[in-house]
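Protein chains in written order, with the working numbering: chain R, 295 to 472; chain F, 10 to 535.
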């Protein structure tokens, strides 16, 4: 019974994680990765023997062999593995959050918000037919749906139209806006 | 040979990275100099140890270290055989070559953000992955390497880097999770994580377990090695960090995945090398073809080169596909050809990326449409780029020729006409692509993208720092090409060692817990 519950939990976590990772939203991405790593951790947990209330230690060192043959043990190895895996996934998740926050700052700050749309149009090789702009298009393409969410393509919700000064300011700040 | 030497390539970079973080606060204006010299001396020691290990293992030995004296399945096992030692040496060479290039081209901001400690941690992760003797340590060292690479990729925080970083982190994390799940399943079904013991017990395991593990490891390592359907993270991220970082990544990172594929398939699943041959060969062919076609359509030098990495990985996978095949040639010829290709690729790719990076440093951009005529101003750079490019494509005096020739020999010998044809076509397309790249950016009228070309290579010190390593690596490639037979012999030794599973298991000599602690109960998990 215990294994069945564990297996179902692992399966559910994998399914939810895979679904969330494939969504566009950034928070969903982090949550999805978290669920996936939890799923793997539980899988590791299930790879040892599932015992209830049995410590992974021997009380009596002298009768080691007898105890080993007669008693049930919790397997300590999967626990050690999970601990390592948790630390690693914790570190990577923290890094991911910082990275996504950084991207959010870049794309959502006062300067770049207005910059995004003209850049998208300018950088889109299909819209303008300019092959040499294809390079800048790549990373911006990821943001198209965010632009749609924020407002209509090409206009900001606050009605301010982006101008070329912003682009100059960007260049001055060291952003690579090619 | 003292087995404790095996710990040096892991422990030395780790501790010196910590030391470098400490000394980064010392010495005022000179503090970068201290870090640079320390990093250089650590990398030199690392190369010496790697060469010593290679010398020992390539004469037919294996070196095993059981950490803390714990016998095999209980403690941490480090093992070096020919394949691992070759890769250890290549990594050491490339790091030592990239260091001067990085000193010349990395901006001070990134240097202060801990560039040198990070590359040492990257080296530690790679060395650990090559030497790991159990599956979980392989995972841990993969993660150490990836963590360092995440930071190296994103340090500087440019928008393009941040976007690329997110994709890179997510896709590598998912691949790692699949690998970790495979390790968990291996422990659950086989009761061990020691690679030698897994190899031993997999023979007796249920066929479904073998298929599941082989599939999961193939997907996970394949994704890290950037093979055909799983390569998309590579071209969208590798061109964003500074050229020095890209040289390390492009030369070595994906090759750790290739190494893991070589190791796991020869050690765990020798039967699948035969039964899965159509799958492996078609993946290889598709990787080669898609990589080179992608490369031909790219607008900048570095993007083109990152697609070439994918195409080249295809050749190595092809070597894995024909590892145990062949009719007239000696056994292990295919894997030896793959290993030789691995050596060639690591050298030449790093050289080519550094040459491309030098163009970017010199001209202020690397978009082919907006640069040109470098040959007139920088003849040496032009020559080095050209030589590296034709070596990549496989033109005779260089190492590309013998490695491609030996791969072609074994595919023809084992009658895989289709993949042999694809590899020849891809070679031609590679030649076409790099020649076009060279003609467009180095020939024609002198032009540069910005208002003013930085022309950093006007400074003589910088010129030697940047071009010296490229020349050195090309010299190695030439040596490899001219002494083809000798190096192929070395690769054959490594391949036969890798294919000799019984020898590997005997060297690690894992004992089963039952034999140590008496009879344990059999049965399920309840």
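The beta-carbon is built from N, C-alpha and C at its ideal position, and this holds for glycine as well.
Under a criterion of Cβ atoms nearer than 8 angstroms, no residue of chain F is adjacent to residue 384(R); the nearest Cβ is some 12 angstroms distant. Excluding residues up to 5 positions away in sequence, 97, 98, 101 lie with their Cβ nearer than 6 angstroms to the Cβ of residue 59(F) in the same chain. For the segment 216-234 of chain F, there are no residues whose beta carbon sits under 9 angstroms from a beta carbon of chain R. By the criterion of at least three beta-carbon pairs nearer than 8 angstroms, the segment 219-226 of chain F is not in contact with the segment 60-67 of chain F.
In the DSSP assignment, residue 384(F) falls within the alpha helix (DSSP H) that extends over 383-386. Under the DSSP assignment, residue 86(F) falls in the beta strand (DSSP E) whose first and last residues are 86-89. DSSP, read as helix, strand or coil, puts residue 456(F) in strand. The C-beta separation of residue 258(F) from residue 158(F) comes to about 7 angstroms, placing the pair in contact by the 8 angstroms criterion. In terms of Cα proximity to residue 165(F), the closest of 254(F), 29(F), 385(F), 371(F) is 254(F).
Here the segment 232-244 of chain F makes contact with the segment 320-337 of chain F; the two share three or more CB pairs at distances below 8 angstroms. Of all alpha-carbon atoms in 141(F), 412(F), 108(F), the one lying nearest the alpha-carbon of residue 126(F) is that of 108(F). About 6 angstroms separates the beta carbons of residue 413(F) and residue 436(F), which is inside the 8 angstroms limit, making them a contact pair. Residue 149(F) sits in a helix when the DSSP states are folded into three classes.
Per DSSP, the unbroken beta strand (DSSP E) holding residue 72(F) starts and ends at 72-75. For residue 316(R), not one C-beta of chain F is nearer than 7 angstroms to its own C-beta.
Rounded to the nearest angstrom, the gap between the Cα atoms of residue 441(F) and residue 354(F) is 18 angstroms. Taking a cut-off of 8 angstroms on C-beta distances, the segment 376-385 of chain R touches the segment 143-158 of chain F, as three or more cross pairs fall below it. With a cutoff of 7 angstroms on beta-carbon distance, residue 503(F) and residue 92(F) are scored as near each other.
The CB of residue 156(F) comes closer than 9 angstroms to the CB of 382, 385, 386, 389 in chain R, given here in chain order. Contacts with chain F at 7 angstroms (Cβ-Cβ) include residue 396(R). The contact set of residue 213(F) on chain R, defined by CB atoms closer than 9 angstroms, is empty, because the minimum CB distance reaches about 18 angstroms. The DSSP assignment places no complete run of the beta strand (DSSP E) inside the segment 220-295 of chain F (cut-off: 3 residues). Under DSSP, residue 141(F) shares a beta bridge with 87(F). Taking the C-beta atoms as reference points, residue 338(F) is found no nearer than 7 angstroms to residue 364(F). Between residue 138(F) and residue 154(F), the beta carbon gap of about 6 angstroms places them in contact (Cβ cut-off 8 angstroms). Distance check between residue 140(F) and each of 312(F), 360(F), 71(F) places 71(F) closest, using alpha-carbon atoms only. Proximity of chain R to residue 196(F) at the Cβ level (cut-off 8 angstroms) is accounted for by 338, 341, 342, 371, 372, 375, in chain order.
CA-to-CA, the gap between residue 220(F) and residue 119(F) works out to about 45 angstroms.
Below the 7 angstroms Cβ cutoff, chain F contributes 168, 171 as neighbours of residue 400(R), in chain order.
Excluding five sequence positions before and after residue 171(F), the CB atoms of its chain that fall closer than 7 angstroms to its own CB belong to 163, given in chain order. If you draw a 10 Å sphere on the C-beta of residue 317(F), you find 16 or more other C-beta atoms in it, and that means buried.
When the beta-carbon positions are compared, residue 81(F) and residue 203(F) come within less than 7 angstroms of each other. Listed as beta-bridge partners of residue 376(F) by DSSP are 309(F). Of all residues in the segment 134-165 of chain F, only 145, 149, 152, 156, 159, 163 place a beta-carbon less than 7 angstroms from a beta-carbon of chain R. One finds 189 in chain F with Cβ atoms closer than 7 angstroms to the Cβ of residue 379(R), taken in chain order. For a Cβ distance threshold of 7 angstroms, residue set 393, 394, 397 of chain R lies close to residue 175(F), ordered along the chain.
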